[in-house]
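The structure under discussion appears below in the form of structure tokens.
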Amino acid sequence: MTDTSSRNPAEDVLASQAFSVFIGAEMTDFGDGNASMAIDILPHHLQQNGYVHGGVIAYLADNTATFAGATVLGPRVVTSALTITYLRPGIGDKLVARAHVVDSTRRQAVVHVDVFAATTAAPASDASGSVDAPADAAPADAATAAPTERRCASAQATIVMLPEGR
Numbered sequence: 183m184t185d186t187s188s189r190n191p192a193e194d195v196l197a198s199q200a201f202s203v204f205i206g207a208e209m210t211d212f213g214d215g216n217a218s219m220a221i222d223i224l225p226h227h228l229q230q231n232g233y234v235h236g237g238v239i240a241y242l243a244d245n246t247a248t249f250a251g252a253t254v255l256g257p258r259v260v261t262s263a264l265t266i267t268y269l270r271p272g273i274g275d276k277l278v279a280r281a282h283v284v285d286s287t288r289r290q291a292v293v294h295v296d297v298f299a300a301t302t303a304a305p306a307s308d309a310s311g312s313v314d315a316p317a318d319a320a321p322a323d324a325a326t327a328a329p330t331e332r333r334c335a336s337a338q339a340t341i342v343m344l345p346e347g348r
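Per this note's numbering, the sequence shown runs over residues 183 to 348.
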């Protein structure tokens, strides 16, 4: 029997979601109107051009938003609306989503989520004008380098409480 006494209840909920287990999602933060989740990027997460499939990114935004909403509404919640903007392809070793409740009522929460593609390789270029390091310039110990994150999507979700008995 596995000791789950140190686990957060959100981790138990996540572990009960077959799709979340299949996709490899993990809860990294949960509480006080916030939630964070991560997925190690594997070949079955990629689309035909080698980028993380948009559906994987949307799943992560949706589920992370729902967990953030649950911190203020309670555990019986579902997403009633999700709007996502894909900013750039998901490229990296890991997807990380961070959600926070923007506002809530007794039965509804509006949640903002940012999804980042993280990598331990040399940093990619960003809007401030830094330049990609050539592949041969990556440090020899790239696997232990500090992760670099680039926002690949931003989303807003509305989370609602389920009626009793459902």
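Ideal Cβ placement from N, Cα and C applies to all residues, glycine included.
Nothing here was measured: the structure is a model prediction, and the numbers come from that model.
- If you look at residue 331, you'll find it in the beta strand (DSSP E) that goes 330 to 343.
- According to the DSSP assignment, residue 239 belongs to the alpha helix (DSSP H) that extends over 236 to 255.
- In the structure shown, the three-state DSSP call for residue 205 is helix.
- Taking a cut-off of 8 angstroms on C-beta distances, the segment 253 to 260 does not touch the segment 223 to 233, as fewer than three cross pairs fall below it.
- The distance from the Cβ of residue 217 to that of residue 250 is about 4 angstroms, consistent with a contact at the 8 angstroms cut-off.
- Residue 272 is bridged by DSSP to 234.
- Under DSSP, residue 211 shares a beta bridge with 218.
- Contact check for residue 338 against residue 283 fails: the beta carbons are separated by 8 angstroms or more.
- Counting of Cβ neighbours within 10 angstroms places residue 244 among the buried residues, the total reaching 16 or more.
- Residue 269 is positioned such that its CB atom lies closer than 8 angstroms to that of residue 336.
- Nearest to residue 210 by alpha-carbon distance, out of 201, 200, 221 and 203, is 221.
- Taking the C-beta atoms as reference points, residue 252 is found no nearer than 8 angstroms to residue 295.
- When DSSP states are grouped into helix, strand and coil, residue 196 belongs to the helix group.
- Taking C-beta separations shorter than 6 angstroms and ignoring five residues to either side along the sequence, the partners of residue 271 in its chain run 233, following chain order.
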